[in-house]
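Student: This structure is in structure tokens; I'll ask about it shortly.
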Amino acid sequence: MERPRGVGGGSRTIRAFFASLRPVSAGSFSVGARPRRVRRPSRSASLFGKPARKNRRGPSRLGDRSSSRGSRAQCQSAIGADRPVAWLVPRGNSTDALTRSQLGEGATLVNAHRPRLHFAQHFLVARGVIEAIAGLVRPAAGEVVVEIGPGRGALTEVLLATVDRLVAVEIDRDLVALLRARQDARRLRLIEGDILQVDLGKVLRDAGGCRLLIVGNLPYNITAPLIFHLLAHADCISRAIVMVQREVARRLVASPGSKDYSLLSVLVAMRAEVEMRLQVERDCFRPVPAVDSSVVEFRFAPKPRYAVQDADCFDRLVRRAFGQRRKMLRNSLLGLNPEGGRPWLETLGQQAGIELTRRPEELSLAEFIRLSDAYWHLGKDRP
578 MERPRGVGGG
588 SRTIRAFFAS
598 LRPVSAGSFS
608 VGARPRRVRR
618 PSRSASLFGK
628 PARKNRRGPS
638 RLGDRSSSRG
648 SRAQCQSAIG
658 ADRPVAWLVP
668 RGNSTDALTR
678 SQLGEGATLV
688 NAHRPRLHFA
698 QHFLVARGVI
708 EAIAGLVRPA
718 AGEVVVEIGP
728 GRGALTEVLL
738 ATVDRLVAVE
748 IDRDLVALLR
758 ARQDARRLRL
768 IEGDILQVDL
778 GKVLRDAGGC
788 RLLIVGNLPY
798 NITAPLIFHL
808 LAHADCISRA
818 IVMVQREVAR
828 RLVASPGSKD
838 YSLLSVLVAM
848 RAEVEMRLQV
858 ERDCFRPVPA
868 VDSSVVEFRF
878 APKPRYAVQD
888 ADCFDRLVRR
898 AFGQRRKMLR
908 NSLLGLNPEG
918 GRPWLETLGQ
928 QAGIELTRRP
938 EELSLAEFIR
948 LSDAYWHLGK
958 DRP
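Heads up: the sequence shown begins at 578 in my numbering, then just goes up one per residue.
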């Protein structure tokens with residue numbers, strides 16, 4: 578096998594060749610004595626110190642570090658506060674000063690796993706927030722707690738101290754290995770895989786419980802699909818206590834006529850009541866994300882909370898309406914029946930008793946149901 582040659586000519590050993598590799602910038606190398614010119618990093622730093630665009634992904638993992646600069650005390654003081662929403666760790670408070678004694682047994686895990694951008698991993702480091710989330714769980718008899726994205730196992734440890742059975746779903750195989758080495762396998766069932774591909778009904782049957790109670794952080798890049806995944810399994814879920822991006826939380830609890838009222842608001846309202854429970858600042862995570870977060874609680878109904886003639890018609894109509902939310906309904910709903918055209922739309926509005934010059938964000942859930950039922954009665958199949 579021919580040995581690699583250096584820049585200056587002559588044969589070198591493979592060891593000498595790799596010894597000549599000189600770091601130029603994070604993630605890149607140059608051969609020889611003269612490094613390439615390195616472009617100045619942008620002001621918007623990435624998660625791992627490399628120049629990058631501003632990261633918009635929200636937090637997605639619970640960590641196991643606590644703060645020594647007051648954040649923990651402030652978080653804990655917020656627990657049980659007599660107000661509907663607790664604000665945890667005001668912006669500006671640091672969680673950087675973390676000692677090995679504070680980490681305790683978690684020090685090995687903290688140092689063993691580097692957050693991965695691919696999985697949008699931002700680990701929660703404020704112990705008070707972790708304890709506040711765990712305090713919201715309180716499973717009823719027969720309920721099986723399912724943690725989404727246990728990460729380094731911080732919330733997992735707290736939950737195992739209070740619940741009889743815990744199922745955790747983790748996509749990162751390295752974290753799965755760490756958790757298996759650390760946790761009690763008799764009380765914790767670990768599922769390695771994508772939560773979007775997990776049959777929650779089967780999880781419930783295997784656990785032998787009556788309903789599931791979901792808890793965890795939802796990665797920003799899959800928040801909406803994951804919420805719809807939970808809605809699809811609403812018949813086997815009692816509650817879900819999850820952390821989402823602040824803007825998503827506002828949409829989940831938005832009222833008709835508000836700027837945050839959206840497709841998500843309407844579809845979720847059909848199967849669940851949603852309440853804002855905690856506000857969590859971005860400084861509670863490492864790496865620090867570019868967004869703040871909120872903890873919301875879903876209370877699912879085994880069946881749709883409101884009767885509709887056809888669930889598929891309802892879903893199709895609402896998605897069509899919000900697909901062009903700035904347009905009037907007479908324009909956005911035209912695609913439901915292009916052949917019928919304007920006369921068909923006029924009939925639809927008359928049967929529903931709704932003026933189609935309105936925009937989708939102005940309609941209440943009850944009005945969307947009336948439109949959906951009229952659409953079904955007109956007998957129009959999938960476009």
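We put the beta carbon where it would ideally sit given N, CA and C, even for glycine.
Leaving out the 5 sequence neighbours to the left and right, which residues in its chain are closer than 8 angstroms to P881 when beta-carbon positions are compared?
Tutor: Translated into the one-based positions of the sequence shown, residue 881 becomes position 304. For P881, where only same-chain residues beyond five positions count, the Cβ hits under 8 angstroms are M847, R848, A888.
Student: Do R742 and A711 have their CB atoms nearer than 8 angstroms?
Tutor: Taking the first residue of the sequence shown as 1, we reach residue 742 at position 165. Taking the first residue of the sequence shown as 1, we reach residue 711 at position 134. For R742 and A711, no; Cβs fall outside 8 angstroms.
Student: Over what stretch of residues does the alpha helix (DSSP H) that includes R919 continue unbroken?
Tutor: On the sequence shown, residue 919 is found 342 positions in, with the first residue counted as 1. From DSSP, the alpha helix (DSSP H) with R919 extends over 918-929.
Student: Is it true that the stretch 869-884 meets the stretch 810-825, where meeting means three or more beta-carbon pairs spaced less than 8 angstroms apart?
Tutor: yes
Student: Need the endpoints of the alpha helix (DSSP H) that V740 sits in, please.
Tutor: Working through the sequence shown from its first residue, we reach residue 740 at position 163. Where V740 is concerned, there is no enclosing alpha helix (DSSP H), given that its DSSP letter is neither H nor E.
Student: Can you tell me whether DSSP reads R710 as helix, strand or coil?
Tutor: Numbered from its first residue, the sequence shown carries residue 710 at position 133. Going by the sequence as given, residue 710 is Ile instead of Arg. DSSP places I710 in helix when its eight states are reduced to three.
Student: Buried or exposed, going by whether 16 or more other CB atoms sit within 10 Å of the CB of E747?
Tutor: Within the sequence shown, the letter at position 170 stands for residue 747. The residue in question, E747, is buried, as its Cβ has 16 or more Cβ neighbours within 10 Å.
Student: Figure out for me which residue from V825, R788, P833, D771 has the closest Cα to the Cα of A878.
Tutor: Indexing the sequence shown from 1 puts residue 878 at position 301. Looking at the Cα atoms, R788 is the closest of the given residues.
Student: Between V865 and F805, what straight-line distance do the alpha-carbon atoms span, to the nearest angstrom?
Tutor: Taking the first residue of the sequence shown as 1, we reach residue 865 at position 288. Taking the first residue of the sequence shown as 1, we reach residue 805 at position 228. Cα to Cα, V865 sits roughly 27 angstroms from F805.
Student: Which residue comes first and which comes last in the beta strand (DSSP E) that contains N794?
Tutor: Translated into positions along the sequence shown, residue 794 becomes position 217. From DSSP, the beta strand (DSSP E) with N794 extends over 788-794.
Student: In angstroms with no decimal places, state the Cα-to-Cα distance between A703 and D837.
Tutor: Here the question's residue 703 lines up with position 126 in the sequence shown. Here the question's residue 837 lines up with position 260 in the sequence shown. Cα to Cα, A703 sits roughly 29 angstroms from D837.
Student: DSSP three-state call for Q901: helix, strand or coil?
Tutor: Taking the sequence shown and counting its residues from 1, one reaches residue 901 at position 324. In the three-state scheme derived from DSSP, where H, G and I count as helix and E and B as strand, Q901 is classed as coil.
Student: Is it buried or exposed, G635, if we count other Cβ atoms within 10 angstroms and call 16 or more buried?
Tutor: Position 58 of the sequence shown, counted from the start, is the residue given in the question as residue 635. Per-residue confidence for G635 stands at a pLDDT of 49, beneath the threshold of 50, marking its modelled position as unreliable; the derived number appears in the next sentence. Buried: at least 16 other Cβ atoms inside 10 Å.
Student: According to the neighbour-count rule (16 or more other Cβ atoms, all chains shown, within 10 Å of its Cβ), is Q557 buried or exposed?
Tutor: No statement about residue 557 is possible, as the shown extent of the chain runs from 578 to 960 and does not include it.
Student: What span of residues does the alpha helix (DSSP H) with S949 cover, start to end?
Tutor: Taking the sequence shown and counting its residues from 1, the one referred to as residue 949 is at position 372. Run containing S949: 942-954, per the alpha helix (DSSP H) assignment.
Student: Alpha carbon to alpha carbon, what distance is there between L922 and A951?
Tutor: Sequence index remark: in the sequence shown, residue 951 carries index 374 (1-based). Sequence index remark: in the sequence shown, residue 922 carries index 345 (1-based). Rounded to whole angstroms, A951 to L922 spans 11 angstroms at the Cα level.
Student: Can you look up E932 in the DSSP assignment and give me helix, strand or coil?
Tutor: By one-based count along the sequence shown, residue 932 stands at place 355. E932: coil per DSSP, three-state reduction.
Student: State the beta-bridge partners of L767 as determined by DSSP.
Tutor: Looking up residue 767 in the sequence shown gives position 190. Under DSSP, L767 forms a beta bridge with A745.
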